[in-house]
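S.K.: Using the numbering used here, the first residue of the sequence shown is number 610, and each one after it goes up by one. Glycine is no exception: its CB is placed at the ideal position from the N, C-alpha and C atoms.
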Amino acid sequence: MKLLVTGGAGFIGSNFILYWIKNHPEDTIVNFDKLTYAGNLENLKSVEKNKNYSFIQGDICDPKAVDKAMENINAVVHFAAESHVDRSIINPSDFVETNVLGTQVLLDMAVKHKVEKFHHISTDEVFGSLKLEDTNLFNERTNYNPRSPYSASKAGSDHLVRAYNTTYGLPITISNSSNNFGPYQFPEKFIPLAITNILENKKIPVYGDGLYVRDWLYVEDHCRAIDTILQKGKNGETYCVGGLTEDINNLEVVKKILNILGKHENMIEYVKDRPGHDRRYSLDWSKIKNELGWKPMHDFDEWLEKTVDWYKNNQDWWKNVKNGEYKRYYKRQYGSV
Ligand code: NAD
Ligand code: TYD
Numbered sequence: 610m611k612l613l614v615t616g617g618a619g620f621i622g623s624n625f626i627l628y629w630i631k632n633h634p635e636d637t638i639v640n641f642d643k644l645t646y647a648g649n650l651e652n653l654k655s656v657e658k659n660k661n662y663s664f665i666q667g668d669i670c671d672p673k674a675v676d677k678a679m680e681n682i683n684a685v686v687h688f689a690a691e692s693h694v695d696r697s698i699i700n701p702s703d704f705v706e707t708n709v710l711g712t713q714v715l716l717d718m719a720v721k722h723k724v725e726k727f728h729h730i731s732t733d734e735v736f737g738s739l740k741l742e743d744t745n746l747f748n749e750r751t752n753y754n755p756r757s758p759y760s761a762s763k764a765g766s767d768h769l770v771r772a773y774n775t776t777y778g779l780p781i782t783i784s785n786s787s788n789n790f791g792p793y794q795f796p797e798k799f800i801p802l803a804i805t806n807i808l809e810n811k812k813i814p815v816y817g818d819g820l821y822v823r824d825w826l827y828v829e830d831h832c833r834a835i836d837t838i839l840q841k842g843k844n845g846e847t848y849c850v851g852g853l854t855e856d857i858n859n860l861e862v863v864k865k866i867l868n869i870l871g872k873h874e875n876m877i878e879y880v881k882d883r884p885g886h887d888r889r890y891s892l893d894w895s896k897i898k899n900e901l902g903w904k905p906m907h908d909f910d911e912w913l914e915k916t917v918d919w920y921k922n923n924q925d926w927w928k929n930v931k932n933g934e935y936k937r938y939y940k941r942q943y944g945s946v
């Protein structure tokens with residue numbers, strides 16, 4: 610099989626490529642990535658010489674480049690996106706361009722080249738926000754109610770993917786996953802931001818009251834879920850993919866990280882809340898478990914510790930990333946924290 614992976618130089622995309630080459634060495638992978646601030650080919654150093662792997666620098670909004678990349682492709686796995694909520698609040702237009710228009714260009718070319726499978730990576734954020742006191746979880750039948758420019762643009766892309774299935778018969782699947790954590794995550798996201806700030810002896814900015822709840826999924830569990838869907842998923846279906854945490858809030862997550870690193874809670878700094886901050890995400894992943902036999906296997910506490918170790922042992926990786934552009938973004942977002 611020949612796969613086109615979009616956004617393969619980002620956090621989840623690069624973990625997916627490493628996972629795929631290890632588990633399906635007979636397949637060929639083409640990584641198509643624009644290399645925005647979030648794309649980093651260092652993540653793929655260990656496979657760059659593999660004869661079944663190649664890289665194309667390109668923009669999913671560019672029909673000619675996508676047309677060429679799609680030649681002889683059997684399956685598309687679409688990760689490429691602008692992915693950070695806070696940046697979407699500063700500049701929504703990049704999100705609409707890449708996440709909505711870019712997805713439409715990819716879909717057009719997938720139809721033209723008659724690809725056998727188009728798997729779209731989406732997020733639980735399209736479902737909106739749950740209340741802390743609610744007992745219900747998001748599932749595949751939950752109505753869409755996105756509340757940030759990021760989640761609205763991802764919702765738009767999900768609708769387009771389904772529309773191309775109905776209208777043009779493109780064989781598609783979608784996964785809506787919860788918050789991922791693990792190696793190679795860009796340190797603008799909460800867990801790597803907290804870990805790397807502590808390692809630099811800087812405070813950890815916690816938005817609002819810190820009682821916001823996320824469902825945390827170890828990135829390798831996510832990669833295995835996508836593999837399972839590619840092998841066994843039904844055409845046109847959506848699968849919710851979540852982790853093993855049960856309603857853990859941001860303060861609890863930070864306290865665990867501080868504890869692993871032997872640091873005091875006085876490193877927490879409460880900062881101005883994110884506008885429109887979704888209170889709680891919680892995901893019911895029983896459909897993929899019952900229909901396809903997937904379930905998460907990585908315990909949060911154990912793999913959080915391993916993730917902290919990874920950032921401790923790969924300081925060059927994140928110090929290179931916390932560069933000029935990052936410093937400008939950080940100052941704008943957090944001021945002097
Ligand atoms: P990321 O920001 O780490 O990586 C995104 C990658 O896409 C980068 O390599 C970037 O260079 C590339 N890219 C951006 N715009 C592009 C364009 N126009 N053309 C080609 N490449 C482009 O993101 P991530 O955290 O790895 O997320 C990957 C996907 O998973 C996204 O679609 C995101 O919405 C989804 N997702 C992420 C999470 C999470 O917790 N990180 C959870 C659920 C879903
Ligand atoms: P994030 O990693 O940005 O993921 P998302 O908002 O897409 O779920 O944030 C995870 C949670 O952590 C979210 O509730 C916002 C919060 N947060 C902070 O409290 N401080 C920060 O500096 C960041 C980046 C996030």
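(1) Measuring only from the beta carbon, is Asn708 closer than 7 Å to any heavy atom that is part of the ligand TYD?
(2) Taking the alpha helix (DSSP H) that Asp802 falls in, what are its first and last residues?
(3) Does Phe704 come out as helix, strand or coil in the three-state DSSP assignment?
(4) So does Gly819 have its beta carbon nearer than 7 Å to some heavy atom of the ligand NAD?
(5) Kindly examine the ligand TYD and report whether one of its heavy atoms sits closer than 7 Å to the Cβ of Asp830.
(6) Just to confirm, are Val822 and Arg889 a CB contact at a threshold of 8 Å?
(7) Of the residues Leu746, Tyr759, Asp918, Gln713, which one's Cα is nearest the Cα of Tyr958?
(8) Using a threshold of 8 Å, state whether the C-beta atoms of Ser731 and Arg756 are closer than that.
(9) At which residue ranges does the stretch 629–684 contain complete alpha helix (DSSP H) runs of 4 or more residues, listed in the order of the chain?
(10) Among the candidates Leu820, Asn752, Pro801, Asn844, whose CA atom is the shortest distance from the CA of Val880?
(11) Tell me which residue opens and which closes the alpha helix (DSSP H) that Phe747 is part of.
(12) Rounded to the nearest angstrom, what separates Asn899 and Ile838 at their Cα positions?
(13) Would you kindly work out how many angstroms separate the C-alpha atoms of Thr610 and Glu635, rounded to a whole number?
(14) Mind the definition here: the stretch 842–859 touches the stretch 913–926 only if three or more C-beta pairs lie below 8 Å; say whether that holds.
(15) Pick from Ala834, Ala647, Val724, Ala678: whose alpha carbon is nearest that of Tyr628?
(16) Would you say the beta carbon of Met834 is closer than 7 Å to some non-hydrogen atom of the ligand NAD?
(17) Taking 8 Å as the threshold (C-beta atoms), are Ile698 and Pro884 in contact?
(18) Figure out for me which residue from Lys865, Asn932, Ile626, Val656 has the closest Cα to the Cα of Glu829.
(19) Would you decide whether Glu797 is buried or exposed? Buried here means 16 or more other CB atoms lie within 10 Å of its CB.
M.R.: Checking against the coordinates, here is how it stands:
(1) Numbered from its first residue, the sequence shown carries residue 708 at position 99. The answer is no for Asn708.
(2) Along the sequence shown, one-based indexing puts residue 802 at 193. At residue 802 the sequence reads Leu, which differs from the Asp that was named. Start and end: 799–808.
(3) For this step, residue 704 is matched to residue 95 along the sequence shown. Residue state, collapsed to three classes: helix.
(4) In the sequence shown, residue 819 corresponds to position 210, counting from 1. No, Cβ of Gly819 sits at least 7 Å from all heavy atoms of the ligand NAD.
(5) Residue mapping note: residue 830 aligns to position 221 of the sequence shown, counting from 1. Checking the Cβ of Asp830 against the ligand TYD gives no.
(6) Indexing the sequence shown from 1 puts residue 822 at position 213. Indexing the sequence shown from 1 puts residue 889 at position 280. Against a cut-off of 8 Å, the Cβ pair of Arg889 and Val822 comes out as a contact.
(7) In this structure the chain extends from 610 to 946, so residue 958 is not present and cannot be described.
(8) Residue 731 sits at position 122 when you count from the first residue of the sequence shown. Residue 756 sits at position 147 when you count from the first residue of the sequence shown. Cβ distance not < 8 Å, so Ser731 and Arg756 don't count as in contact.
(9) Taking only runs of at least 4 residues, the alpha helix (DSSP H) segments lying wholly in the stretch 629–684 are 672–678.
(10) Walking along the sequence shown from the start, residue 880 turns up at place 271. Nearest neighbour of Val880 by Cα position, chosen from Leu820, Asn752, Pro801, Asn844, turns out to be Leu820.
(11) Locating residue 747 in the sequence shown gives position 138, where the first residue counts as 1. Premise fails: Phe747 is in no alpha helix (DSSP H) and is neither H nor E.
(12) Indexing the sequence shown from 1 puts residue 899 at position 290. Indexing the sequence shown from 1 puts residue 838 at position 229. Those two C-alpha atoms are separated by around 13 Å.
(13) As a first step, residue 610 is located in the sequence shown; it is residue number 1 there, counting from the start. As a first step, residue 635 is located in the sequence shown; it is residue number 26 there, counting from the start. Looking at the sequence itself, residue 610 is Met, so the reference to Thr does not match. Cα to Cα, Met610 sits roughly 8 Å from Glu635.
(14) no
(15) Taking the sequence shown and counting its residues from 1, one reaches residue 628 at position 19. Nearest of Ala834, Ala647, Val724, Ala678 to Tyr628, Cα basis: Ala834.
(16) Along the sequence shown, read from residue 1 onward, the residue named residue 834 stands at position 225. Before going on, a small fix: residue 834 reads as Ala here, not Met. When distances are taken from the beta-carbon of Ala834 to the heavy atoms of the ligand NAD, even the shortest one reaches 7 Å or more.
(17) One-based indexing of the sequence shown puts residue 884 at position 275. One-based indexing of the sequence shown puts residue 698 at position 89. Cβ distance < 8 Å, so Pro884 and Ile698 count as in contact.
(18) Counting from 1 along the sequence shown, the entry for residue 829 is found at position 220. Of the candidates Lys865, Asn932, Ile626, Val656, the one whose C-alpha sits nearest the C-alpha of Glu829 is Ile626.
(19) By 1-based counting over the sequence shown, the position of residue 797 is 188. With 16 or more other Cβ atoms within 10 Å, it is buried.
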